[in-house]
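The sequence shown maps to residues 1 to 247 in full-length UniProt numbering.
Notes for the one structure printed next.
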Amino acid sequence: VGPYVLITPNGTRRNRLQQIAKKELDDLERWKEEHRPGPIKLVPQRLGGKESEAQARQNQQMMLMQSKYQQKHKREEYVKAKKAAEEAEILKKKAIQREKAERLEVKKRQQEMQRRDMFLEDQYYKTNELLNRLDLGLPKSDSCQIANRGPESTAWTRSHTYKQALREDENRRLEEMKQEQRRKAELMEFKQKQEEEARTRARQKEQRSYLQSLFIFCCILRVNNAFLDRLQNKTQPSNIYQPGYSG
Numbered sequence: 001v002g003p004y005v006l007i008t009p010n011g012t013r014r015n016r017l018q019q020i021a022k023k024e025l026d027d028l029e030r031w032k033e034e035h036r037p038g039p040i041k042l043v044p045q046r047l048g049g050k051e052s053e054a055q056a057r058q059n060q061q062m063m064l065m066q067s068k069y070q071q072k073h074k075r076e077e078y079v080k081a082k083k084a085a086e087e088a089e090i091l092k093k094k095a096i097q098r099e100k101a102e103r104l105e106v107k108k109r110q111q112e113m114q115r116r117d118m119f120l121e122d123q124y125y126k127t128n129e130l131l132n133r134l135d136l137g138l139p140k141s142d143s144c145q146i147a148n149r150g151p152e153s154t155a156w157t158r159s160h161t162y163k164q165a166l167r168e169d170e171n172r173r174l175e176e177m178k179q180e181q182r183r184k185a186e187l188m189e190f191k192q193k194q195e196e197e198a199r200t201r202a203r204q205k206e207q208r209s210y211l212q213s214l215f216i217f218c219c220i221l222r223v224n225n226a227f228l229d230r231l232q233n234k235t236q237p238s239n240i241y242q243p244g245y246s247g
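Dropping the structure here:
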């Protein structure tokens with residue numbers, strides 16, 4: 001016995017399947033013959049619409065010019081939108097960098113003020129310590145003379161005067177910082193106003209250019225319409241006499 005087994009086909013079943021397939025194909029051909037579309041019968045009519053040739057050419061030319069201007073306008077709008085997006089991105093990046101610089105400046109100013117406060121406090125304690133030492137190191141006669149001169153010459157008066165001078169100096173510096181911040185805010189507001197005015201002028205310029213283009217298009221369209229009207233008026237007499245032409 002070999003590795004392959006040969007099975008003989010069933011002849012009766014094969015003939016029956018072939019007869020069924022043939023019958024189905026015959027039925028399909030018969031159905032196609034029965035449902036074949038007949039001849040098309042249409043009433044003859046005049047084509048081309050109610051417009052004349054000149055009017056059709058005028059409309060075609062107008063549509064062509066309008067499509068050109070529309071494409072040009074779309075290109076301008078695309079370029080304008082792209083430029084506006086780029087400017088907005090640049091302004092956004094500038095604002096981020098400006099904010100970072102302002103935060104860094106505020107941080108530096110706070111650190112400087114902390115160092116100044118620490119220095120002034122240390123200087124104040126050192127000065128008081130020195131004044132106390134000087135008061136303690138004075139002889140009795142001198143101290144009596146100073147006491148007789150009045151309260152202005154005491155260590156408390158000198159420390160109070162020194163504190164008041166430090167406070168006035170600090171207030172003056174704070175006022176200068178406030179004025180500087182006010183100047184920066186005014187300068188930033190002025191720059192923003194300038195940028196807004198520049199954008200407004202650019203927008204007005206674009207609108208003016210668009211109106212000029214539209215005016216030029218209207219003028220060209222008017223000239224073309226006048227030319228087509230003249231051409232149509234010249235061709236009308238010949239069309240009138242054509243039906244009477246006998247050949």
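No residue lacks a Cβ here, since even glycine has one placed at the ideal position from N, Cα and C.
Computed from a prediction, not measured in an experiment: that's the story for all the values here.
If you reduce the DSSP assignment to three classes, tell me which class residue 157 lands in. For the purposes of this step, residue 157 is taken as the residue at position 157 of the sequence shown. Correct three-state label for residue 157: helix.
What's the call for residue 58, buried or exposed, on a 16-neighbour Cβ count within 10 Å? By 1-based counting over the sequence shown, the position of residue 58 is 58. Buried, by the Cβ-count rule.
Straight-line gap, residue 132 to residue 96 (C-alpha atoms, nearest Å): In the sequence shown, the residue the question calls residue 132 occupies position 132. In the sequence shown, the residue the question calls residue 96 occupies position 96. Roughly 53 angstroms separates the two Cα atoms.
Decide if residue 151 is buried, meaning its Cβ has at least 16 other Cβ atoms within 10 Å, or exposed. Looking up residue 151 in the sequence shown gives position 151. Note on residue 151: pLDDT 45, under 50, position unreliable in the model; the coordinate value appears next. The residue in question, residue 151, is exposed, as its Cβ has fewer than 16 Cβ neighbours within 10 Å.
Could you give the uninterrupted runs of the beta strand (DSSP E) lying entirely in the stretch 59-118, keeping only those of 3 residues or more? none
On the CB-based measure, 16 or more other CB atoms within 10 Å of its CB, does residue 142 come out buried or exposed? Working through the sequence shown from its first residue, we reach residue 142 at position 142. In this prediction, residue 142 scores a pLDDT of 45, lower than 50, which makes its location untrustworthy; the coordinate-derived value is nonetheless stated afterwards. Per the 10 Å Cβ criterion, exposed.
Span of the alpha helix (DSSP H), counted from its first residue to its last, around residue 18: Walking along the sequence shown from the start, residue 18 turns up at place 18. 11-34 is the span of the alpha helix (DSSP H), which, as asked, contains residue 18.
Taking the Cβ atom as the reference point for each residue, do residue 65 and residue 227 lie within a distance shorter than 8 angstroms? Here residue 65 refers to the residue found at position 65 of the sequence shown. Here residue 227 refers to the residue found at position 227 of the sequence shown. Not a contact, by the Cβ cut-off of 8 angstroms.
Under 8 angstroms, with one C-beta from each stretch per pair, do the stretch 197-214 and the stretch 15-34 reach the 3-pair mark? no
Would residue 221 and residue 63 qualify as a contact pair, given that the criterion is a beta-carbon distance under 8 angstroms? Residue numbering aside, residue 221 sits at position 221 when the sequence shown is read from its first letter. Residue numbering aside, residue 63 sits at position 63 when the sequence shown is read from its first letter. Taking 8 angstroms as the Cβ cut-off, residue 221 and residue 63 do not qualify as a contacting pair.
Report the option in 60, 11, 19 whose CA atom is closest to the CA atom of residue 224. Taking the first residue of the sequence shown as position 1, residue 224 is located at position 224. The shortest Cα separation from residue 224 among 60, 11, 19 belongs to 60.
Pull up the distance between the alpha-carbon of residue 82 and that of residue 185, whole angstroms please. Here residue 82 is taken as the residue at index 82 of the sequence shown, counted from 1. Here residue 185 is taken as the residue at index 185 of the sequence shown, counted from 1. Near 31 angstroms, if we compare the C-alpha coordinates of residue 185 and residue 82.
Is residue 122 near the ligand SAH, with its Cβ less than 7 angstroms from a heavy atom? As far as ligands go, the structure on display features none, and thus does not contain the ligand SAH.
Keeping to the same chain, check which residues put their C-beta closer than 7 angstroms to that of residue 91; ignore five residues upstream and five downstream. For this step, residue 91 is matched to residue 91 along the sequence shown. No residues qualify anywhere along the chain.
Neighbourhood of residue 232 by C-beta, 6 angstroms cutoff - its chain only, sequence neighbours within 5 removed: Start at 1 with the first residue of the sequence shown, and residue 232 comes out as number 232. Cβ within range, chain order: 54.
Count the other CB atoms within 10 Å of the CB of residue 246; is the residue buried (16 or more) or exposed (fewer)? By 1-based counting over the sequence shown, the position of residue 246 is 246. Summary for residue 246: the model assigns pLDDT 41, below 50, so the residue's position carries little reliability; its value from the coordinates is reported in the next sentence. Counting the other Cβ atoms within 10 Å of the Cβ of residue 246 gives fewer than 16, which makes it exposed.
Going straight from the alpha carbon of residue 88 to that of residue 77, what length do you get? Stepping through the sequence shown from its first residue, residue 88 is reached at position 88. Stepping through the sequence shown from its first residue, residue 77 is reached at position 77. One C-alpha to the other measures close to 16 angstroms.
As assigned by DSSP and simplified to three states, the class of residue 144: Taking the sequence shown and counting its residues from 1, the one referred to as residue 144 is at position 144. Confidence at residue 144 is low in this model, with a pLDDT of 44, below 50, so the placement of that residue is unreliable and no value is reported for it.
Own chain partners of residue 17 with C-beta closer than 8 angstroms, once the 5 adjacent residues on each side are dropped: As a position in the sequence shown, residue 17 is number 17, starting the count at 1. Hits under 8 angstroms: none found.
Between the Cα of residue 70 and those of 230, 214, 170, 84, spot the shortest distance and give me the residue it belongs to. Start at 1 with the first residue of the sequence shown, and residue 70 comes out as number 70. Measuring from the Cα of residue 70, the nearest candidate turns out to be 214.
Helix, strand or coil for residue 52? Go by DSSP, reduced to three states. Along the sequence shown, read from residue 1 onward, the residue named residue 52 stands at position 52. In the structure shown, residue 52 sits in coil (DSSP, three-state: anything other than H, G, I, E or B).
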